[in-house]
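Notes follow the structure.
Residue numbers (our numbering): 46 to 207.
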């Protein structure tokens, strides 16, 4: 149960912070209500536990705030075999530089197997602007797994992958 809780916190914070970034300039910040825990507790939503131990959620927020980041907007959390999985690709750019072109490869991992579902050539990325990419639809196969994972690889610079 503790591992599921860590996973949910990590992916939940990732989704919250990256979605806030996609909504700029209408959303100018995302904040975490309980950053660090001031004393020992059995359960809390802090991202740093007492006395000064970063949790998985801390690293998820740190990664979500990289200046340039390949991102996916996924409309819901729970998916079933046989459903049409959908998402939108984005490239988030909070840097002061524009970039000529990136190639983003989107993979879906199901039962420890990576399947390439699309490749996006972003075109020019303007400084301090986010770019919405293509919408993707993928029929989920019947698989013996309780999780799927999306992997976005930036071919020009792995630091921008997600």
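Ideal Cβ placement from N, Cα and C applies to all residues, glycine included.
If you're wondering where the values come from, they're calculated on a predicted model, not measured in any experiment.
Own chain partners of residue 208 with C-beta closer than 6 Å, once the 5 adjacent residues on each side are dropped: The structure shown has nothing for residue 208, since the chain only spans 46 to 207.
Buried or exposed (CB count within 10 angstroms, at least 16 for buried), residue 147: buried
Own chain residues within Cβ distance below 7 Å of residue 174, not counting five before or after: 138
Residue range of the unbroken beta strand (DSSP E) whose run includes residue 48: Residue 48 -> not in any beta strand (DSSP E); alpha helix (DSSP H) instead, spanning 47-67.
Residue 180 - containing beta strand (DSSP E), residue span: 176-184
Straight-line Cα distance separating residue 133 from residue 104: 24 Å
Cβ neighbour criterion (16 or more within 10 Å) applied to residue 62: buried
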